[in-house]
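Residue numbers (this note's numbering), protein chains in the order written: chain W, 1 to 249; chain B, 1001 to 1249; chain G, 2001 to 2249; chain R, 3001 to 3249; chain L, 4001 to 4249; chain Y, 5001 to 5249. The block underneath contains the structure these notes are about, expressed in structure tokens.
Protein chains: 6
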Amino acid sequence: MQLSLSTWQDVESYLEHSTGIIVPIGSMEQHGPTGLIGTDSICPETIAKRVGDDNGVLIGPTFNVGCAQHHLGFPGSMTLRPSTMIAAMCDWTASLSRHGFDKIYWLNGHGGNIATINAAFVEYYAQRSLESVPAKQPAITMKLQNWWDFKTVLDTAKRMHPVGEGMHATASEVAVTYAAYPDQVRDMVLEPKIAPTGSFTDAYDYRKKFPDGRIGSDPTQATIENGQELITVTAQAVASDFEAFINTP
Amino acid sequence: MQLSLSTWQDVESYLEHSTGIIVPIGSMEQHGPTGLIGTDSICPETIAKRVGDDNGVLIGPTFNVGCAQHHLGFPGSMTLRPSTMIAAMCDWTASLSRHGFDKIYWLNGHGGNIATINAAFVEYYAQRSLESVPAKQPAITMKLQNWWDFKTVLDTAKRMHPVGEGMHATASEVAVTYAAYPDQVRDMVLEPKIAPTGSFTDAYDYRKKFPDGRIGSDPTQATIENGQELITVTAQAVASDFEAFINTP
Amino acid sequence: MQLSLSTWQDVESYLEHSTGIIVPIGSMEQHGPTGLIGTDSICPETIAKRVGDDNGVLIGPTFNVGCAQHHLGFPGSMTLRPSTMIAAMCDWTASLSRHGFDKIYWLNGHGGNIATINAAFVEYYAQRSLESVPAKQPAITMKLQNWWDFKTVLDTAKRMHPVGEGMHATASEVAVTYAAYPDQVRDMVLEPKIAPTGSFTDAYDYRKKFPDGRIGSDPTQATIENGQELITVTAQAVASDFEAFINTP
Amino acid sequence: MQLSLSTWQDVESYLEHSTGIIVPIGSMEQHGPTGLIGTDSICPETIAKRVGDDNGVLIGPTFNVGCAQHHLGFPGSMTLRPSTMIAAMCDWTASLSRHGFDKIYWLNGHGGNIATINAAFVEYYAQRSLESVPAKQPAITMKLQNWWDFKTVLDTAKRMHPVGEGMHATASEVAVTYAAYPDQVRDMVLEPKIAPTGSFTDAYDYRKKFPDGRIGSDPTQATIENGQELITVTAQAVASDFEAFINTP
Amino acid sequence: MQLSLSTWQDVESYLEHSTGIIVPIGSMEQHGPTGLIGTDSICPETIAKRVGDDNGVLIGPTFNVGCAQHHLGFPGSMTLRPSTMIAAMCDWTASLSRHGFDKIYWLNGHGGNIATINAAFVEYYAQRSLESVPAKQPAITMKLQNWWDFKTVLDTAKRMHPVGEGMHATASEVAVTYAAYPDQVRDMVLEPKIAPTGSFTDAYDYRKKFPDGRIGSDPTQATIENGQELITVTAQAVASDFEAFINTP
Amino acid sequence: MQLSLSTWQDVESYLEHSTGIIVPIGSMEQHGPTGLIGTDSICPETIAKRVGDDNGVLIGPTFNVGCAQHHLGFPGSMTLRPSTMIAAMCDWTASLSRHGFDKIYWLNGHGGNIATINAAFVEYYAQRSLESVPAKQPAITMKLQNWWDFKTVLDTAKRMHPVGEGMHATASEVAVTYAAYPDQVRDMVLEPKIAPTGSFTDAYDYRKKFPDGRIGSDPTQATIENGQELITVTAQAVASDFEAFINTP
């Protein structure tokens, strides 16, 4: 069940039995020569839709441009400033809270979003915490979950790509996008096979250190089949985790 | 050609022959008992993808939550505050400008976005205009185009729905979403057949005046076939208009 | 009755029988070689004062610097950024609402303000709309009315200046300022007689396309007499429209 | 010479011999039972216009709503938040600096504005100070001058109103407004004759302590004649001070 | 009693008999060749701790970086923008108010902070003043007190340094820091002995006019003994003043 | 070497051989019945000073109030909103960058700060990354290091407190504060001996779940001696890590 494809009466009915929602959150940034710019949004969106289809959970719209300033050296990458992203996430949250949603599960596809997502949670909670008597807003609970960060998913990825899974433009995330968009498979030889690793600051520093955009990965291992399996495994993990989340008082 | 489904090298190649991009921009808000909450994002996204497929134009990600405070009385509606939306649009624009895009065509699906989109353009231009010597940012040109606002599209809509096209949850926009998501057609009788019209302020005022969310429309006229035709007609109009836009010095 | 020239007891008495106010809103920007920089503030201020004098309506202070980034290529033009203007308009509105004004009629003199004024309304309404229970602020209604945008005014302008009324530094607005400040009439020959038309982005683009600042107008047609008539006609239209506005539930 | 009543060519010519400007800045707030809400804007505007007329100095538009949160307990009072006022003043300043004005003299009419005006100066200067190489903006100098804060003016006020000049709704400022608007003279007996004095925090505290709005004053002493003399004396002081200001390297 | 060195139960107990707190607020900026960069924070912190020790008053953490853009031409100087400082002070204040503190006494060590501190007070009060019914926040009272601004302190400073006390890097403030950090005494000959005086705008202007950073002072007069006496005298004045402050209804 | 206790010439000299600086960053929040509210600032400040003393590294002022909204249910806790903290950290960073510091090492004492510190880095870097040609600011590198997050420190803590180290108000951090302020040792029996663990949202939720403020810890194990050893071990780790940081190109 997707919010975007629901009527308001559908949502009204849903709220009668559940006040939880999954919101995919990603990024629009280069993912090396074989990865799609939308990778980090496509992954959580695809997985969340599967959860929605299989488990009747409501899936919100995808927050599709995140914090990716370090990728701006590569054409097509887009970013929000963290302060903008915090404001936007607080508006999304306030909107959902207005209707009675009190368990918001952000399914994240981008490591570079983690800090700002958590900061946005704190920004939102702080409004209520600063009140002597909490009158302005009802209490809500938010959770950040990276889609790759379940034991079953990590194990699957390790089995599939024991070498060259990497940190950016990983074999697994590229596989998921290939499963989602089979006509977008890119067949290339990458040089070096496994990209270098390291830390970085701004976009100029990043491009100098990681000339083709990848960090530590060999995404040529990505296949549609692996992507399909990853989606299935991850969707199951998310479904269980979300269930536990909404059942926690 | 979609940015989300491109690699950075794809975008680099595209920029060698064109510095224009179409960005769909919509909203997430109730569209009456038979319309989808994502209607205003689905319409420009669907049309833009058609333009991208048919004409090789690059289509950016969809700015999918807009200014819809007046719809917050209906479950599932979401909004950005205008100040947030201006900040986010400026970040998107600065990202695209960074790569050399200098013609940004925002294909809009929501009347309630018009003011804020135009204000965001002014916010962005003002940075450059306030400099005695324009050093910080290259010049760019932005255009706002509502998808329904072409003579051919208006004529088509009028022919299809001479009565009850309406102002919100229009027969045409609902038709476009049905063409995009044929399994989402809602078959209902609405009472009154044609919704009331009028002005409104905040969400409380809106809900009181328009109890089922529609304004002036009878969206039960919407059909998949009409939606398909509207998509075709609009995509042609957008393609021509975009071509003229990028060719204007 | 002007707020600026009232005591607080005067306002207290006024509020006993009316909670409506007219606030003139304009700009400080070049208006071609014969037009005054303050034109867009002078026009709504002059008209509003007439309405205040003739009808006992309370007239607020003039919001005198608006969104005019595109005019910054011409000496003396001033601008707010839209985000600043939204913040300022919200503060003005919150102040008036605090006292019980719930019908605020912004009489606008500048086309470039329209988007940001509407965005400011949405920013203000959104605070209330985002609350599950509207506790923070009382409901209010705001209206944006461009002074030139009444049928009687458009007809009068068309009769007076059938050719060369124009889009910026119009014959009519210059006439109104001449009526308001008869010692400021500028007698010049302009070349070309009618200025070019077109669209624009930032201040550099504007100045290049419209070298003397006018768009599409021949303001040498402006006379004190025409200005006087326009003030009278517009004041009557505003008075009726405001009356209807405050009487709408 | 007033900016509002100038053409852009007038300003262009002015800038050839002077890059200084006087900007009146005031407030819109209660001034007791006999004082006008616009008092703090009327005073600097009236004095500045006199300076402009007598000395050919360019006078900017009046910044007419300032920081007056403490007066909001009285109908008609309006305020900007300091953060809004800082943003607006910075936009005004950036606009003027864009044209080459590098000496901006803010003639202030409201004690409650002093802190925020000075903070706005610092906000503006800080942009340049934070740059290792000052590239973004040209250097400018700003001065805050309260109109009443000259020895000649203080002496005159003391001679005219040796008792009951007061701190808010002073006899002198009310006199200046009566001279500016002779038809607005209010003839009343006030009780107590001289208002109480003290400090205050927010609007609730202020109204409790100063029930009719005045602080320490007996404004019934105000006369048109005294106002006229005060305008003359102050305009002379401002003219000299401004001359010294623009001649300081 | 210092907040930083208290447990939450200590503060809970304190609040049972007092809802007042002293918050030292300073700056991090050059103080000439013999003065420490932390001078303006060290002084109020040292004095406040003495008051806390001697009188059982609760002392908050030191707000240690203030508004010092004009000092950025000298290595090590740091600044907040006024808008940032206002936001931070409002957060500190809201936190303290949340616990029931309603008398907040800001003991200031830096002249350049005065405007912004006062603007921050107004920003905070304005939230409450703008509400028709003050529901969001309890009323509080804030006071700004410069540590040097008591008659007894001024007299002491004048007796100690009849010549060359100065305006920045004053003999007295340097003496207080030497008393607080006896191992930081700098023994130097300064040339000129007494620094020049004057006004300034941004950091470039300041450094040009005051090449070694001092304004009007001869801080080589500073001694540990004088600093100790100044601390004692000031602490007594602060203690009395704070007592009066919290006892004012 | 502490910035606060240096003159500007000291800093100028330091910059000739090093452009790196350590900035302690902490929080002001409850740390259970035996822990000090300033714990998270005291720890990094104490350790950093040791590094500064032993290794001649410049230590900046302590950023002493951080993100602690979840602790506001306990008297004395203070917080910044993340958006405020980002703005303040960017101002601190811009100030230091202005002088040529290009390696800024934030030594953090509070887990709740991690997200916002990282978001602030991204906010700062983004300004440069968004420029096509990086002109506005020099490149800098920032690092976040939690003081407890070294192998040697974790091992030491584990050896000292094999059980009940905990997550908030840990035995180790309390020990460090006791070593720093030996007169602040609190001798109490806590019930339960080891506090509960779990997740939390806002301040109301936190206080309900963790009634005395601790999470998972038994801080009664803290001793001055353990604190001294922890300071020594951590200072050595920080010194090595900082050395490596500034030597990384």
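Ideal placement from N, C-alpha and C gives every residue a C-beta, glycine not left out. Quick caveat: nothing in here was measured; it's all calculated off a predicted structure.
Quick one, which of the options has its alpha-carbon nearest residue i's?
{"i": "D1202 (chain B)", "options": "B:I1025, B:L1003, B:A1068", "result": "B:A1068"}
{"i": "P5192 (chain Y)", "options": "Y:A5139, Y:G5216, Y:V5174", "result": "Y:G5216"}
{"i": "N1118 (chain B)", "options": "B:A1139, B:M1028, B:S1095, B:C1090", "result": "B:C1090"}
{"i": "T1062 (chain B)", "options": "W:K158, W:I42, W:V57, W:G52", "result": "W:I42"}
{"i": "T197 (chain W)", "options": "W:D187, W:F210, W:T223", "result": "W:F210"}
{"i": "W2148 (chain G)", "options": "G:V2065, G:P2182, G:T2079, G:T2046", "result": "G:T2046"}
{"i": "P2285 (chain G)", "options": "G:I2086, G:H2161, G:A2180", "result": "Examination of residue 2285 (chain G) is not possible in this model, given that chain G is present from 2001 through 2249 alone."}
{"i": "L5130 (chain Y)", "options": "B:I1086, B:H1071, B:P1138, B:G1166", "result": "B:P1138"}
{"i": "E4123 (chain L)", "options": "L:A4088, L:K4103, L:G4076", "result": "L:A4088"}
{"i": "P4250 (chain L)", "options": "L:L4072, L:G4111, L:K4103", "result": "Within the shown structure, residues of chain L are numbered from 4001 to 4249, placing residue 4250 (chain L) beyond reach of any answer."}
Around the C-beta of residue i, are 16 or more other C-beta atoms found within 10 angstroms, so that it is buried, or is it exposed?
{"i": "S5013 (chain Y)", "result": "exposed"}
{"i": "V2051 (chain G)", "result": "buried"}
{"i": "S1097 (chain B)", "result": "buried"}
{"i": "M3188 (chain R)", "result": "exposed"}
{"i": "K2049 (chain G)", "result": "buried"}
{"i": "R3081 (chain R)", "result": "buried"}
{"i": "E1016 (chain B)", "result": "exposed"}
{"i": "T5248 (chain Y)", "result": "exposed"}
{"i": "K5208 (chain Y)", "result": "exposed"}
{"i": "D4010 (chain L)", "result": "buried"}
{"i": "V5163 (chain Y)", "result": "exposed"}
{"i": "D4199 (chain L)", "result": "The sequence shown places Ser at residue 4199 (chain L), rather than the Asp named in the question. Per the 10 Å Cβ criterion, exposed."}
{"i": "E1173 (chain B)", "result": "buried"}
{"i": "A3244 (chain R)", "result": "exposed"}
So does residue i have its beta carbon nearer than 7 angstroms to some heavy atom of the ligand NAP?
{"i": "T79 (chain W)", "result": "This structure lacks the ligand NAP, and indeed carries no ligand of any kind."}
Indicate the three-state DSSP secondary structure (helix, strand or coil) for residue i in the structure shown.
{"i": "W3147 (chain R)", "result": "coil"}
{"i": "F1245 (chain B)", "result": "helix"}
{"i": "M89 (chain W)", "result": "helix"}
{"i": "G3020 (chain R)", "result": "strand"}
{"i": "I3059 (chain R)", "result": "strand"}
{"i": "I4194 (chain L)", "result": "coil"}
Check whether the Cβ atoms of residue i and residue j sit closer than 8 angstroms, and answer yes or no.
{"i": "V2153 (chain G)", "j": "V2233 (chain G)", "result": "yes"}
{"i": "W2106 (chain G)", "j": "V3065 (chain R)", "result": "no"}
{"i": "A1175 (chain B)", "j": "N1226 (chain B)", "result": "yes"}
{"i": "R186 (chain W)", "j": "T34 (chain W)", "result": "yes"}
{"i": "D5040 (chain Y)", "j": "G5060 (chain Y)", "result": "no"}
{"i": "I4037 (chain L)", "j": "T5019 (chain Y)", "result": "no"}
{"i": "Q1221 (chain B)", "j": "A1171 (chain B)", "result": "yes"}
Please list the segments of the alpha helix (DSSP H) lying wholly inside the stretch 4025 to 4057 of chain L, counting only runs of 4 or more residues, in order along the chain. 4039 to 4055
Restricting to runs no shorter than 3 residues, where is the beta strand (DSSP E) found entirely within the stretch 2100 to 2178 of chain G? 2103 to 2108, 2141 to 2146
Go through the stretch 4214 to 4239 of chain L residue by residue and report every complete run of the alpha helix (DSSP H) that reaches 4 residues or more, in order. none
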